[in-house]
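Enquirer: A single structure is presented below for examination.
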């Protein structure tokens, strides 16, 4: 039995079409109409795409995928691995879509791959909730990462050593590049622990009063607090001034199936953009 709540929008529309056939043509067409409906549902049930990513990308992909499945009936499988493992799986033919949050430069991706940037994943600074500091300037962030500022007292806080907690490796590379573009060499005195880096960033900051974590916005939780940068938090209006973010990339290879194309279109649709905003990401134009 296919419940009303389990029925995709596409299947529901098809059912409406079938009922119109029956009303217009009478009972003699009922069997044919039922056959059309069963075939339509069966075809949708067989459609499936595989999305491969990492802890930074899969949570948003799942939210998009759940809504996409409800809308189209196409099932989505998810494979989570290390950072950028999704790209490798697309190259190897083990996934239809690979995900990555990274600001790729021209020539960094294989020629056979196509990159679609559907949004931006802001990088936020998270601190221990007992830390009185609530706002940092960009220059202070750079000085922390270059090792020029080593104590919260220099920022109006307590006499505590600043301990960096950074998501490896993509956030490390992004923040290192942005820091070194202002001159100097990043001094990443970082804390780390094995396991899910998104969860562990929050955990390390919550457990260490002197920690500052670099986290993707939307992955912070109530155990930590997000610091403002130059007085703002990142959103569509402030992102260019805020400055710290990574592209949310959907990577495909060669000719994509109609289902993959439909997912790409959905991610860039108004509904997809609303899901991104709910996850504190900034959707593309």
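In the working numbering, the protein residues as written are 13 to 297. For glycine and all other residues, C-beta sits at the position ideal for the given N, C-alpha and C.
Which of the three DSSP states, helix, strand or coil, is assigned to residue 147?
Expert: Strand, per DSSP.
Enquirer: For a quick check, are the C-beta atoms of residue 276 and residue 128 less than 8 Å apart?
Expert: Contact flag set, yes.
Enquirer: Enumerate, from N- to C-terminal direction, the unbroken alpha helix (DSSP H) stretches of 4 or more residues contained entirely within the region 130-178.
Expert: For the region 130-178, whole alpha helix (DSSP H) runs of length 4 or above, ordered along the chain, are 150-157.
Enquirer: Can you give me the Cβ contacts of residue 75 inside the same chain, cut-off strictly under 8 Å, excluding the 5 residues immediately before and after it?
Expert: If we look at residue 75 and ignore the five residues flanking it on each side, its Cβ neighbours are 287, 290 and 291.
Enquirer: Assign residue 237 to one of three DSSP states: helix, strand, or coil.
Expert: If DSSP states are grouped into helix, strand and coil, residue 237 belongs with the strands.
Enquirer: Would residue 241 pass as a contact of residue 256 if the rule is Cβ separation under 8 Å?
Expert: Contact flag set, yes.
Enquirer: Take residue 114 as the anchor and find which of 185, 268, 172 and 154 has the nearest alpha-carbon.
Expert: Out of 185, 268, 172 and 154, 185 has the C-alpha closest to the C-alpha of residue 114.
Enquirer: Which word fits residue 179, buried or exposed, when buried means at least 16 other C-beta atoms lie within 10 angstroms of its C-beta?
Expert: Burial call: buried.
Enquirer: Just the Cα atoms here: how many angstroms apart are residue 219 and residue 225?
Expert: One C-alpha to the other measures close to 12 Å.
Enquirer: Does the region 133-143 come close enough to the region 230-237 that 3 or more CB-CB pairs lie under 8 Å?
Expert: As far as the Cβ criterion goes, the region 230-237 touches the region 133-143, which means the pair count is three or higher.
Enquirer: Whole-angstrom Cβ separation of residue 280 and residue 296, contact assumed at under 8 Å?
Expert: Yes, residue 280 and residue 296 are in contact; Cβ-Cβ is about 7 Å, under 8 Å.
Enquirer: If you count every other CB in all the chains shown that lies within 10 Å of the CB of residue 294, and 16 or more means buried, which is it?
Expert: Result: buried.
Enquirer: Does DSSP classify residue 286 as helix, strand or coil?
Expert: The answer is helix: DSSP assigns residue 286 an H, G or I state.
Enquirer: Measure from the alpha carbon of residue 146 to the alpha carbon of each residue in 190, 245 and 154, then state which is nearest.
Expert: Nearest option by C-alpha distance: 245.
Enquirer: Could you name each continuous alpha helix (DSSP H) segment of 4 residues or more that falls completely within the region 51-97, going from the start of the chain to the end?
Expert: Counting only runs of 4 or more, we get 70-84.
Enquirer: Quick check on the DSSP output: the beta strand (DSSP E) that includes residue 124 runs from which residue to which?
Expert: No beta strand (DSSP E) holds residue 124; DSSP gives it neither H nor E.
Enquirer: What's the gap between the Cα of residue 206 and the Cα of residue 212?
Expert: If you take the alpha carbons of residue 206 and residue 212, they lie about 8 Å apart.
Enquirer: Which residues in the same chain as residue 182 place their Cβ atom closer than 8 Å to its Cβ, once the five residues preceding and following it in sequence are excluded?
Expert: Cβ neighbours of residue 182 beyond the five flanking positions: 68, 95, 96, 112, 113, 114 and 258.
Enquirer: For residue 224, list the residues DSSP reports as bridge partners.
Expert: 139 and 176.
Enquirer: Expressed to the nearest angstrom, what Euclidean distance is found between the alpha-carbon atoms of residue 172 and residue 164?
Expert: Near 6 Å, if we compare the C-alpha coordinates of residue 164 and residue 172.
Enquirer: Skipping 5 residues on each side, what residues in its chain have a beta carbon closer than 8 Å to that of residue 79?
Expert: Closer than 8 Å at the Cβ level, and outside the excluded window around residue 79, lie 278, 283, 284 and 287.
Enquirer: Grouping DSSP H, G and I as helix and E and B as strand, with all else coil, what is residue 277?
Expert: Reduced to three states, the DSSP call for residue 277 is helix.
Enquirer: Would DSSP call residue 251 helix, strand or coil?
Expert: Here residue 251 sits in helix by DSSP.
Enquirer: Any idea if residue 151 is buried or exposed, counting beta-carbon neighbours within 10 angstroms, 16 or more meaning buried?
Expert: By the 10 Å Cβ count, residue 151 comes out exposed.
Enquirer: How big is the Cα-Cα spacing for residue 250 and residue 130?
Expert: Cα to Cα, the separation comes out at about 18 Å.
Enquirer: With distances taken from CA atoms, which of 270, 264, 189 and 271 is nearest residue 65?
Expert: The shortest Cα separation from residue 65 among 270, 264, 189 and 271 belongs to 264.
Enquirer: Looking at residue 133 and residue 254, is the spacing between their C-beta atoms short of 8 Å?
Expert: For residue 254 and residue 133, no; Cβs fall outside 8 Å.
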